[in-house]
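Read the structure below first, then the notes.
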Amino acid sequence: MKPVLFVFAKAPIMGKVKTRLAAGVGSVHALRIYRAMSARILREMHDLRWKTVLYITPDNCALKTHGGLWPSHIPRFAQGRGDLSPRTARLFTGKGPVIAIGTDTPAMKRKYIARGFAALKTNDAVIGPAKDGGFWLIGLNAPARTGLFDNVRWSHPDTCMDMTAAMGGKIAMLTMLEDIDNLDAYQRYKQHG
14 MKPVLFVFAK APIMGKVKTR LAAGVGSVHA LRIYRAMSAR ILREMHDLRW KTVLYITPDN
74 CALKTHGGLW PSHIPRFAQG RGDLSPRTAR LFTGKGPVIA IGTDTPAMKR KYIARGFAAL
134 KTNDAVIGPA KDGGFWLIGL NAPARTGLFD NVRWSHPDTC MDMTAAMGGK IAMLTMLEDI
194 DNLDAYQRYK QHG
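Just so we're on the same page, the numbering used here is the position in the sequence shown counted from 1, plus 13.
Okay, here's the thing in structure tokens:
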């Protein structure tokens, strides 16, 4: 079975994306940054070694292309109801390997996804930790056990720690990268690439 890469993506709607970054740069510029990061990630993540799927919110935007931002050749699914825990759990209901990423980490490269899928050949799970305490990638080989994501403190300095503690088993860790969630992170990215 071909590995699957799910890309969590929000519809590019001003005031609904990159809200913490918008506090520092304004909603219009935050939307531009979000669109640029999303386009970069989608171009970089397309690879014949795995199936790339967009995992969209809000649900009513799943069929739109948003001016070509979401290429029509990439299949997409609506995330559905609930907070991040049940929406993440839905991705991991079948047999793996499955990896999920977001669109907040422009330093992410195709080679990191390939390393993640390679790690799942000998590990139960794989995580790409983020500098802010979260993670930019999560992958599993088997269906997630019921409740795996229920007690994760999302958008918290201990999100990655919560996730690894809940997972158990043999977990491979990838390169630490930085999510672009606020003005400080964006300025560091612009300065250092």
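Glycine included, C-beta positions come from ideal geometry on N, C-alpha and C.
Bear in mind the structure is a predicted one, so any value in this text is a computation, not a measurement.
Residue(s) in a DSSP beta bridge with residue i
| i | result |
| --- | --- |
| G141 | L150 |
| P90 | Correcting the residue type first, residue 90 is Phe in the shown sequence and not Pro. Answer by DSSP bridge pairing, in chain order: Y68. |
| M186 | I140 |
| V111 | V17 and L153 |
For residue j and residue i, believed in contact at Cβ under 8 Å, the rounded distance
| i | j | result |
| --- | --- | --- |
| M58 | V20 | 6 Å |
| G147 | T172 | 4 Å |
| F90 | A157 | Contact doesn't hold; Cβ gap of about 17 Å is too wide. |
| A113 | I151 | 5 Å |
| T70 | Q92 | 4 Å |
| G109 | L153 | 5 Å |
| L34 | Y199 | 6 Å |
Reduced DSSP category for residue i - H, G, I as helix; E, B as strand; rest coil
| i | result |
| --- | --- |
| F130 | helix |
| L18 | strand |
| K23 | strand |
| T118 | coil |
| G80 | coil |
| A75 | coil |
| H169 | coil |
| R62 | coil |
| T159 | coil |
| E9 | Residue 9 lies beyond the range of the chain shown here (14 to 206); nothing can be said about it. |
| G37 | helix |
| S51 | helix |
| S98 | helix |
| K31 | coil |
| D197 | helix |
| D192 | coil |
| T177 | helix |
Residue i at chain D interface by Cβ criterion, 8 Å
| i | result |
| --- | --- |
| T78 | The structure shown contains no chain D, having only a single protein chain. |
Original post:
So, do the region 131-138 and the region 179-195 have three or more beta carbon pairs nearer to each other than 8 Å?
Top reply: Enough Cβ pairs lie closer than 8 Å, so yes.
**OP:** Examine the Cβ distances between the region 121-137 and the region 35-43 and report whether three or more of them are shorter than 8 Å.
**Re:** no
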